[in-house]
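For reference, the structure discussed in these notes is given below.
Number of protein chains: 2
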Amino acid sequence: MHTMSLSHAILTALLDEDLTGYALAKQFDVSLGFFWQASHQQIYRELKGLHLAGRVNVEEVPQHGKPDKRVYSLTTLGRDMLESWIVDSTRARGAKDELFIKLFNVGSVPVKQITLAIEQRKAEHTRKLELYRKIEMRNYTSPLTLPDRKKGVYLSLLAGIRQEQTALIWCDDALDLLTTVRSNPKVKG
Amino acid sequence: MHTMSLSHAILTALLDEDLTGYALAKQFDVSLGFFWQASHQQIYRELKGLHLAGRVNVEEVPQHGKPDKRVYSLTTLGRDMLESWIVDSTRARGAKDELFIKLFNVGSVPVKQITLAIEQRKAEHTRKLELYRKIEMRNYTSPLTLPDRKKGVYLSLLAGIRQEQTALIWCDDALDLLTTVRSNPKVKG
DNA sequence: AATTTTTATGCAATTAGTTGCATATAGCTC
DNA sequence: GAGCTATATGCAACTAATTGCATAAAAATT
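Chains as they are written, first to last, in this note's numbering: chain A, 72 to 260; chain B, 72 to 260.
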């Protein structure tokens, strides 16, 4: 079964460079993590499993004071796992978004609360879009001339940018339509 | 803590009508489930918990042959739980999408495999968009004249439609850019 | 000098989600 | 009449993800 995607995300991050769990966690915060979030606890646990399964090597780097660094690198087995996952895995993890569940409550709960949730979401999208744009301007102004191994990363970023844009426009349209909702019945009709 | 969203999704589905676990599972397949998937096993388990917590009532409807129906309905406590969840919960469950992790492998794995994954995804988006459009044409041709309690559902659908459209365009652009990738090095450079 | 942030690792407990299985009848199709 | 689909419920086992806690020192900030 090629299901546990966190391990694949970790292996992917190790393609470019050998990393410690700590460094991996940071990577997840700034790039891979835009599309696959994970906490450091999860990452450490997963690394242990990957090591046990021979997908990664560990090099222990003694340090004074701090815990020793454990620098992980891909093994051939790890690469193979990654490649075969790319080939077979299809399973689409269903979208889960609370906001839409909230929207199903329009008409039964004060609209105000729901518009508030949308406004919060809008702010979030704005923040993300700005972040993505910044990254784009810094590293991906000329997609066609990128080295091959950067093209996928760029495309992910592009997807992120467009998702945020679409979402932002939707937020405004949603807020518009919700101004036409007057009643807030609390009982079932 | 207002975290477990499946229970909120269930309570939301019960706003409109009283339902059995089975009927809920079906609802999840066709509307709420576009934005929050759940298996029948999950739903039955959750219903039990909600009942234990006094958020829903059960009415047992004896049947011959088949297991007795258990028809669930919201209690006042359930409504309150739902409303307070709408007010406080903010937590954005991070997007998790395998496809983007796959994209990070461009340059290290045969591009073919990745374009294939995108094509699969494209087909999926096409299928979903068609489905959403069908629902839109059937029930939501005139958003402004909808009864209030349908407006949120419509907005969810609208979000779905736009997400799929955006994703489809992106798929094509991605496939385009990936035609410019020639090399498939399997070793770290 | 004291506080906060960053580096660096990890365990334990809990909650959420998936997969496989089990039961049992009615009704429809081949 | 054999097999499939729909109705209707649920347990058990497992995998994945989250949350809270714990340690410990260097570096940066106030």
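Beta carbons: idealized from backbone N, C-alpha and C, even for Gly.
No experiment lies behind these values; they were computed from the predicted model shown.
Using the Cα positions of residue i and residue j, report the straight-line distance between them to the nearest angstrom.
{"i": "D219/B", "j": "A188/B", "result": "40 Å"}
{"i": "H135/B", "j": "Q113/B", "result": "26 Å"}
{"i": "R126/B", "j": "W156/B", "result": "13 Å"}
{"i": "M75/A", "j": "T237/B", "result": "27 Å"}
{"i": "A80/B", "j": "A245/B", "result": "34 Å"}
{"i": "V129/B", "j": "E130/A", "result": "58 Å"}
{"i": "E190/A", "j": "K183/A", "result": "10 Å"}
{"i": "Y211/A", "j": "S102/A", "result": "14 Å"}
{"i": "L215/A", "j": "T250/A", "result": "44 Å"}
{"i": "S179/B", "j": "V252/A", "result": "52 Å"}
{"i": "A109/A", "j": "F99/A", "result": "7 Å"}
{"i": "G104/B", "j": "K140/A", "result": "44 Å"}
{"i": "T186/B", "j": "R233/A", "result": "19 Å"}
{"i": "T161/A", "j": "E169/B", "result": "9 Å"}
{"i": "D159/B", "j": "L82/B", "result": "16 Å"}
{"i": "G231/A", "j": "Y115/A", "result": "27 Å"}
{"i": "S213/A", "j": "T91/B", "result": "55 Å"}
{"i": "A96/A", "j": "I206/B", "result": "42 Å"}
{"i": "S78/A", "j": "K167/A", "result": "21 Å"}
{"i": "F171/A", "j": "P133/A", "result": "49 Å"}
{"i": "P313/B", "j": "H111/A", "result": "Summary: the structure shown does not reach residue 313/B, with chain B confined to residues 72 through 260, and so no result is reported for it."}
{"i": "F21/A", "j": "L248/B", "result": "A question about residue 21/A goes unanswered here, because the residues of chain A that appear run from 72 up to 260."}
{"i": "K221/B", "j": "K137/B", "result": "34 Å"}
{"i": "K193/B", "j": "L217/B", "result": "32 Å"}
{"i": "E235/B", "j": "A94/A", "result": "34 Å"}
{"i": "M208/B", "j": "E195/B", "result": "20 Å"}
Could you please give the first and the last residue of the uninterrupted beta strand (DSSP E) stretch that includes residue i?
{"i": "K140/A", "result": "K140 to L145"}
{"i": "E131/A", "result": "V127 to V132"}
Could you tell me the boundaries of the alpha helix (DSSP H) in which residue i lies?
{"i": "V224/A", "result": "D219 to L249"}
{"i": "V252/A", "result": "Run containing V252/A: none; DSSP gives neither H nor E here."}
{"i": "E201/B", "result": "V182 to N210"}
{"i": "S76/A", "result": "S76 to D87"}
{"i": "G92/B", "result": "G92 to V101"}
{"i": "Q113/B", "result": "H111 to L123"}
{"i": "F106/B", "result": "From DSSP, F106/B is part of no alpha helix (DSSP H); its letter is neither H nor E."}
{"i": "K173/B", "result": "E169 to L174"}
DSSP state of residue i, grouped into three classes?
{"i": "K137/B", "result": "coil"}
{"i": "K259/A", "result": "Confidence is the limiting factor: at K259/A the pLDDT is only 49, short of 50, which leaves the residue's position unreliable and the question unanswerable from this model."}
Worksheet item: Taking Cβ-Cβ distances below 8 Å as the criterion, which residues of the stretch 198-227 of chain A are in contact with chain B?
Response: P214, L215, P218, D219, R220, K221, K222, G223, V224, Y225, L226 and S227
Practice prompt. Would you list, in chain order, the members of the stretch 95-109 of chain B that have their beta-carbon closer than 7 Å to a beta-carbon of chain A?
Written response: L103, F106, W107 and Q108
Item to complete: Please confirm if the stretch 196-206 of chain B is in contact with the stretch 144-158 of chain A, defined as three or more CB-CB distances below 8 Å between the two stretches.
Response: no
Item to complete: Would you check if the stretch 163-179 of chain B and the stretch 83-99 of chain A touch, i.e. whether three or more CB-CB distances between them fall below 8 Å?
Response: yes
Fill in: the stretch 139-146 of chain A / the stretch 119-134 of chain B touching (three or more Cβ pairs under 8 Å)
no
Discussion item. Tell me which residues of the stretch 166-180 of chain A have at least one Cβ-Cβ distance to chain B shorter than 7 Å, keeping chain order.
Written reply: A166, K167, D168, E169, F171, I172, K173, L174, F175, N176, V177, G178, S179 and V180
Worksheet item: With a cut-off of 8 Å, do at least 3 Cβ pairs link the stretch 233-250 of chain A to the stretch 221-232 of chain B?
Response: yes
Worksheet entry | chain A contacts made by the stretch 138-160 of chain B, where a contact means CB separation under 8 Å | L145, R150, L153, E154, I157, V158 and S160
Discussion item. Beta carbons nearer than 7 Å to chain B: which residues of the stretch 109-135 of chain A have them?
Written reply: none
Practice prompt. Could you run through the stretch 77-91 of chain A and flag, in chain order, every residue whose CB is less than 7 Å away from some CB of chain B?
Written response: H79, A80, T83 and L86
Worksheet item: Listed in chain order, which residues of the stretch 237-253 of chain B have Cβ atoms closer than 8 Å to some Cβ of chain A?
Response: T237, A238, I240, W241, D244, A245, L248, L249, T251, V252 and R253
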